[in-house]
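Just below is one structure, and these are the notes that go with it.
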Amino acid sequence: MIRNPRIPHIATPFILASLVACGQSQDKVTSYTTLGGAESTGWGASESGDNQPGNADSDDAADDDSGDGDSDGGGGDDGGADSGDANGDGDGDGSGDGDGDDPPLLGTPTKENLRVAFIGDQGLGGDAVDVLDLIKDENAEFLVIAGDFDYDDDPSAWDEQTVDSLGEDYPVFAVAGNHDEDKFDGASGYQSKIVTRMQNAIDDGATCTGEPGANSSCTYKGLFMAMSGVDVIDGKSESADYLRGQLAANDAIWSVCVWHKNMNDMQAGGKSDDTGWGVYQACQDEAGIIITGHEHSYSRTLTLTDLGNEDAGHGATGTADLMVVGQGSTYVSVVGLGGRNIRDYEADKHDDDTWWASIYTSNLYLKNGEPVDDWETESGALFIDFNVDGNPNKAHAYFKNIKGEVIDEYDITRGE
Ligand SMILES: [Fe+2]
Numbered sequence: 009m010i011r012n013p014r015i016p017h018i019a020t021p022f023i024l025a026s027l028v029a030c031g032q033s034q035d036k037v038t039s040y041t042t043l044g045g046a047e048s049t050g051w052g053a054s055e056s057g058d059n060q061p062g063n064a065d066s067d068d069a070a071d072d073d074s075g076d077g078d079s080d081g082g083g084g085d086d087g088g089a090d091s092g093d094a095n096g097d098g099d100g101d102g103s104g105d106g107d108g109d110d111p112p113l114l115g116t117p118t119k120e121n122l123r124v125a126f127i128g129d130q131g132l133g134g135d136a137v138d139v140l141d142l143i144k145d146e147n148a149e150f151l152v153i154a155g156d157f158d159y160d161d162d163p164s165a166w167d168e169q170t171v172d173s174l175g176e177d178y179p180v181f182a183v184a185g186n187h188d189e190d191k192f193d194g195a196s197g198y199q200s201k202i203v204t205r206m207q208n209a210i211d212d213g214a215t216c217t218g219e220p221g222a223n224s225s226c227t228y229k230g231l232f233m234a235m236s237g238v239d240v241i242d243g244k245s246e247s248a249d250y251l252r253g254q255l256a257a258n259d260a261i262w263s264v265c266v267w268h269k270n271m272n273d274m275q276a277g278g279k280s281d282d283t284g285w286g287v288y289q290a291c292q293d294e295a296g297i298i299i300t301g302h303e304h305s306y307s308r309t310l311t312l313t314d315l316g317n318e319d320a321g322h323g324a325t326g327t328a329d330l331m332v333v334g335q336g337s338t339y340v341s342v343v344g345l346g347g348r349n350i351r352d353y354e355a356d357k358h359d360d361d362t363w364w365a366s367i368y369t370s371n372l373y374l375k376n377g378e379p380v381d382d383w384e385t386e387s388g389a390l391f392i393d394f395n396v397d398g399n400p401n402k403a404h405a406y407f408k409n410i411k412g413e414v415i416d417e418y419d420i421t422r423g424e
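Okay, so the sequence shown: first residue is 9 according to my numbering, each after it adds one.
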C-alpha cells in the first residue's frame, strides 16, 4: 500500500503549537553522577510540571485525523523484506548461540559501510549550513532529519538551504517537528519538500509507505527507517501502533526509529513528557535505534531494556561505548544540535538519572560516562556507519561537531 508520495497530506488539524523558550545559559556543570547514583526513585516532581507551559498532550484526539489506515502495519512489507535471506548464509552459524562474538545474521543487511547522518532542530543560515556542509564532508550517503526545520515557516527557504549545501539529488528523509506544523500541508508546504528530497532515494531504489513527514517508513540501502509524527502530526497511541507494526513486518538487521519530541527522561534538558512511552517501547521491542530531536543538545543513553520504567532506570545496562540493539533492547539519542541553538543540561531534572552514556550541552559534557572539564559546545551531526568491519551485525557511530571534533563515539551490535 505504498501511497503515491506526491499526493499531499490533507487537512491535518494542528493541536500543538506551543513554542518552547530556549534555556538560559548557566555555569558549566563539572560533575555528574552516572550509574549507581542517587537512590531516589522519584524525582517525580520534575515529571509532572516541568517548565513547559504548552504541552497540550491531550492530542490523542488527533488520532482520527491523519490516521487514515496507516496504523495497520500491513503495509510494512517494505521492499527489503524479500531479499533478506540472500546473504544470510555467510557467517553462518544461525544457531543463536548468544556468545556474542559472531552473532548470526538476523535479516537483511544494509549496504556495507553505509554512513547515514542524523540531525534535528536546524534553523536557517549560520550553524545550520555548517552542519549540512559537515554532512557532505563526512560523505554520509543520506540524511535523516528529526524535525524542526527552519523556525521561520518557510519551506522554500529550508529546501533551498538543503539543496545549496547537499545538492539537488541528495537523498533526505525527514519528519516534522512542532515548528513545522503550520506549513506542513499544501503544494508548497514542508511535506511537499520532503517528498521531493525523498524522491532522490526512491529513484535510487528506496521503498516507502505512509505519510511523508509523519507516520511513514522507508527502506533505503538496507536501512529500515520507522518515522513518526508523534504528538506533532500524529497521535501517541496511533504512532506507537504504527511503529510497532512497521518494525515487526520488516526483517532489516538495522532499523532506526525517528521522531521529533521526547519524554523528559530521554533528553538532557527541560522538555516535557510529550510522546508517551508507547513509541519508545515499540522500538525497544522491535529492535529500532531511537533518534529524536526537540531538545537542542546531544545526548545518548546506555543500552535500555525497560523503557518507561523510571524506577528501574529504564533498564539501563552494559557499557557506555557499546550499544546492544535487539528484540527488547535499544538506546535513545537526541540530535538537536542541527544549528538552531544550544541549550543547557538541567541538573534538577537529571542529576538522579542513571541511564546516560554521553551528554553534550552548553553546561555539561559527559563522554562515555566521563565528565569532560574543558570544552566548547558546537552544533553537529550524528553519523552511524552500518555493517562495518565486515560484520553486517555491527555498526559504529560518532557525533561530530562543526569544528571537526568527535564528541561521542561508540559501537553498536545487533543482538537477537
Ligand atoms: Fe527545536
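Glycine residues also receive a C-beta, built at the ideal position from the N, C-alpha and C atoms.
query: Start and end residues, alpha helix (DSSP H) containing Val240; result: Val240 -> no alpha helix (DSSP H), and no H or E assigned at all.
query: Complete alpha helix (DSSP H) runs within the region 148-220 (minimum length 4 residues, chain order); result: 163-174, 198-210
query: N-terminal and C-terminal residue of the beta strand (DSSP E) that Gly246 is part of; result: As written in the sequence, residue 246 is Glu, which differs from the Gly given in the question. No beta strand (DSSP E) contains Glu246, which is instead part of the alpha helix (DSSP H) from 244-256.
query: Whole-number beta carbon distance between Gly423 and Gly425, since they are thought to touch under 8 Å; result: An answer regarding residue 425 cannot be provided, because it is not within the stretch 9 to 424 covered by the chain.
query: Cut-off 7 Å between Cβ atoms - residues of its own chain near Gly336, not counting five sequence neighbours on either side; result: Gln292, Asp293, Thr313
query: Whole-angstrom distance between Ile299 and Pro117, CA atom to CA atom; result: 20 Å
query: For Asp273 and Ile367, the rounded distance between their alpha carbons; result: 13 Å
query: Cβ-heavy atom distance, Gly185 to ligand 1, below 7 Å; result: yes
query: Nearest neighbour of Met235, chosen from Gly194, Val396, Ala290 [CA to CA]; result: Ala290
query: Contacts around Asp211, its chain only, beta-carbon distance under 6 Å, and the 5 residues preceding and following it disregarded; result: none
query: In DSSP terms, what Glu378 is bridged to; result: Lys375
query: Where Glu318 falls, given that 16 or more other Cβ within 10 Å makes a residue buried; result: buried
query: Given 8 Å, three or more beta-carbon pairs between the region 406-416 and the region 164-172; result: no
query: Asp319: CB within 7 Å of a non-hydrogen atom of ligand 2; result: Looking at this structure, you won't find ligand 2 anywhere; what it does contain is ligand 1.
query: First through last residue of the beta strand (DSSP E) which encompasses Asp416; result: 414-422
query: Residue from Ala276, Glu176, Val171, Thr227 whose Cα sits closest to the Cα of His358; result: Ala276
query: DSSP-derived helix/strand/coil call for Tyr445; result: This structure does not reach residue 445, given that the chain is present from 9 up to 424, and the question cannot be answered.
query: Rounded distance between the beta-carbons of Gly296 and Ser263, thought under 8 Å; result: 4 Å
query: Three-way DSSP call (helix, strand, coil) for Tyr288 in this model; result: helix
query: Arg351 Cβ short of 7 Å to ligand 1 heavy atom set; result: no
query: The region 382-390 / the region 123-131 touching (three or more Cβ pairs under 8 Å); result: yes
query: Distance between Leu330 and Tyr353 (C-alpha atoms, nearest Å); result: 23 Å
query: Neighbour-count burial assignment, Glu456, 16 or more Cβ in a 10 Å radius; result: Any question about residue 456 goes unanswered here, given that the chain covers just 9 to 424.
query: Start-to-end residues for the alpha helix (DSSP H) that takes in Ile143; result: 135-145
query: Rounded distance between the beta-carbons of Gly301 and Trp363, thought under 8 Å; result: About 19 Å; that fails the 8 Å criterion.
query: Unbroken alpha helix (DSSP H) run spanning His268, endpoints; result: Here His268 belongs to no alpha helix (DSSP H), and DSSP marks it neither H nor E.
query: Residues of its chain near Gly347, where Cβ-Cβ distance is below 6 Å and the 5 sequence neighbours each way are ignored; result: Gln130, Gly131, Asp135, Ala136, Val139, Ser387
query: Distance between Asp177 and Ala355 (C-alpha atoms, nearest Å); result: 43 Å
query: Boundaries (first-last residue) of the beta strand (DSSP E) holding Ala365; result: 364-368
query: Helix, strand or coil at Lys357 [DSSP, three-state]; result: helix
query: Unbroken beta strand (DSSP E) run spanning Lys402, endpoints; result: 399-409
query: Per-residue DSSP class, three states only, for Ala389; result: strand
query: For Gly296, three-class secondary structure by DSSP; result: strand
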